[in-house]
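Engineer: 302 is the number of the first residue of the sequence shown in this note's numbering; add one for each residue after it. Note that the Cβ used here is the ideal one computed from N, Cα and C, for glycine as well. Next up is a structure, given as structure tokens.
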Amino acid sequence: MYSHFQLAKKYLRYYCTASNGKGHGIHSPFVFTFITQVLNDKKKYACYENIEQIRKQLLRDDTIIEVEDFGAGSGKIKSIHRKVKAIAASSLKQPKYARLLFRVVQYYQPKLVLELGTSFGITTAYLASGNTAAQIYTCEGATQIAAIAKRNFEQLSIKNTSLITGDFAMTLPSLLQTTGLINFAFIDGNHRKAPTLQYFLQLMAHGNENTILVFDDIHWSAGMEEAWAEIQQHPAVTLTIDLFFIGIVCIDKGIKIKQHFTIKY
Ligand SMILES: C[S@@+](CC[C@H](N)C(=O)[O-])C[C@H]1O[C@@H](n2cnc3c(N)ncnc32)[C@H](O)[C@@H]1O
302 MYSHFQLAKK YLRYYCTASN GKGHGIHSPF VFTFITQVLN DKKKYACYEN IEQIRKQLLR
362 DDTIIEVEDF GAGSGKIKSI HRKVKAIAAS SLKQPKYARL LFRVVQYYQP KLVLELGTSF
422 GITTAYLASG NTAAQIYTCE GATQIAAIAK RNFEQLSIKN TSLITGDFAM TLPSLLQTTG
482 LINFAFIDGN HRKAPTLQYF LQLMAHGNEN TILVFDDIHW SAGMEEAWAE IQQHPAVTLT
542 IDLFFIGIVC IDKGIKIKQH FTIKY
């Protein structure tokens, strides 16, 4: 994991060099529409306020829960005790990005959505609200965290979400066998190079030309940057959009020309 200073330097470089989507440089109809209709959509959707109320509750919650640490990389799963509010402050996608994911789902209307890393279900709630006709599968390893996510879905009356509890290594292969084609996936758990690439390949095997994959924290560590570079180079990946804190991947097995964009957000 990079230090705050290293990450800030990288972010500054991104901010100074990324395209703002205006003028020259964007020669992709997909990216043009993405910028104008999704990225720059400033409307305040009704679900934003309701979901953020839940985030506020979590940020005030002093309850101590037991959390299994799946990202530690050791064979044995370790548990630690943490306050709900501490997890809410450090693990959840910030409103700006969670709302962007809501708008991606709302605009492209994927029917089958997968999230790896539910945590308390904040981003899941945004995904589920983007298309209430979609089926959202969200995977979380920590049982007490998953229980809070379930409670939050009930509080928000979210009905189109199934929560799968367990290590991704165990749950993802069997889940993909039942779901078949994945239209949209948000990979936000276990931010290490090897598992990230493994999830990518597993998801690729269940994608088609309309599938969109979103990877979180692509510049978080040297390993994640290496994973992101490998994903970009994969022959089936035709278009990637780097928004620094998340990376968007489109696959089109029929197209041979690759395009990579870094866009300011
Ligand atoms: C960054 S949080 C997810 C945040 C959530 N997507 C949001 O924005 O609201 C990542 C979650 O993934 C879970 N996780 C990490 N590695 C995992 C693994 N190998 N199997 C299952 N869950 C895992 C962690 O327990 C954690 O709750």
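With DSSP as the reference, label L415 as helix, strand or coil.
Structural biologist: The answer is strand: DSSP assigns L415 an E or B state.
Engineer: Does the distance between the C-beta of T634 and the nearest non-hydrogen atom of ligand 1 fall short of 6 Å?
Structural biologist: Since the first residue shown for the chain is 302 and the last is 566, residue 634 is missing from the structure and cannot be characterised.
Engineer: How is the alpha helix (DSSP H) around S391 delimited, first residue to last?
Structural biologist: Where S391 is concerned, the enclosing alpha helix (DSSP H) stretches over 385-392.
Engineer: Kindly indicate which residue of P474, H520, W521 has the alpha-carbon position closest to the one of L502.
Structural biologist: Of the candidates P474, H520, W521, the one whose C-alpha sits nearest the C-alpha of L502 is P474.
Engineer: Report the rounded CA-to-CA distance for S320 versus K344, giving the unit in angstroms.
Structural biologist: If you take the alpha carbons of S320 and K344, they lie about 22 Å apart.
Engineer: Rounded to whole angstroms, what is the Cα-Cα separation between L476 and E455?
Structural biologist: Roughly 23 Å separates the two Cα atoms.
Engineer: Suppose you measure from the CA of S329 to the CA of G418; what does that come to, to the nearest Å?
Structural biologist: Distance between the alpha carbons of S329 and G418: 31 Å.
Engineer: On the three-state DSSP scale, how would you describe L514?
Structural biologist: DSSP places L514 in strand when its eight states are reduced to three.
Engineer: In three-state DSSP terms, what is K310?
Structural biologist: K310 falls in the helix class under three-state DSSP.
Engineer: Among residues of its own chain, excluding the 5 on either side of K412, which ones have a beta-carbon nearer than 6 Å to its beta-carbon?
Structural biologist: Cβ neighbours of K412 beyond the five flanking positions: A435, N484.
Engineer: Determine the direct distance from the alpha carbon of E441 to that of L402, and round the result to whole angstroms.
Structural biologist: Each residue's Cα considered, the two are about 19 Å apart.
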